[in-house]
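Numbering (my numbering), first residue to last: 467 to 701.
From the three backbone atoms N, C-alpha and C, an ideal C-beta is built for every residue, glycine too.
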């Protein structure tokens, strides 16, 4: 059986690490497959199979699975093993609504604390998203997209709330990817972050709030509102 390489991917460094480097690499690899739907909801995952796949110990795999469990991407149950978590519409809609509330309710704090370093970081992440879109790399785009929104919210200086947003982001992206066509409009997805930066630079609170709320609710600018009845019809 081929063993997957542990060579460090630049993407891995963008995903917050809570464990050893080796288990984190496995965590990111599995997160990617779950978010993209390669590992389908309810798929059974065994520590032995994954250890053989990655050429590591079951303890290393266990660390990665525990982190995925904390993110809500897998379900670990005593004596029943580990399964990829489902992605139900009602949960996704609730998380999208929560994400909108978290991000959009504190933009006055973001604008008050915004500086050139923040906008430079956001523009760098936008360029990285553009590159990922041109490469048709939806996961890389997703990681940079999440990093963009995490960095934007950091300016609100609400560190106890940030983990809530992180949880919402990963599940929102998974839901959007699983409910859209493969290689959805990736370049449009990247470019819709540009007006957010422009509104921030202009310190236009109303425009920033309107743009961000729309951005959160839809896949792309012309897409359906996933927080409304259209999303419910997919259930």
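Asked                                                                                                               : Found
Simplified DSSP state of residue 700, which is helix, strand or coil                                                : For residue 700, the predicted model reports a pLDDT of 35, less than 50, meaning its position is unreliable; a value from the coordinates is still stated below. Of the three classes helix, strand and coil, the one that applies to residue 700 here is coil, per DSSP.
Residue 547 - DSSP class collapsed to helix/strand/coil                                                             : strand
Residue 667 to residue 629 span [Cα, whole Å]                                                                       : 26 Å
Beta-carbon proximity check, residue 513 vs residue 527, cutoff 9 Å                                                 : yes
Residue from 486, 492, 499 and 548 whose Cα sits closest to the Cα of residue 604                                   : 499
Cβ pair residue 643, residue 501 closer than 9 Å                                                                    : yes
Residue 548 classed as buried or exposed, judged by whether at least 16 other C-beta atoms fall within 10 angstroms : buried
Nearest-angstrom Cα separation, counted from residue 578 out to residue 621                                         : 8 Å
Cβ pair count under 8 Å reaching 3, the stretch 611-619 against the stretch 562-577                                 : yes
C-beta contact flag for residue 551 and residue 539 at 9 Å                                                          : yes
Whole-angstrom C-beta distance between residue 655 and residue 599, which should lie under 8 Å                      : 7 Å
Candidates 626, 525, 610 and 507: closest to residue 492 by CA position                                             : 525
Alpha-carbon spacing of residue 680 relative to residue 521, whole angstroms                                        : 44 Å
Bridge partners - residue 540, DSSP secondary structure assignment                                                  : 550
Neighbourhood of residue 669 by C-beta, 6 Å cutoff - its chain only, sequence neighbours within 5 removed           : 577
Beta-carbon proximity check, residue 663 vs residue 588, cutoff 9 Å                                                 : yes
For residue 511, the three-state DSSP class (helix, strand or coil)                                                 : strand
Among 677, 597 and 671, nearest to residue 652 - alpha-carbon criterion                                             : 597
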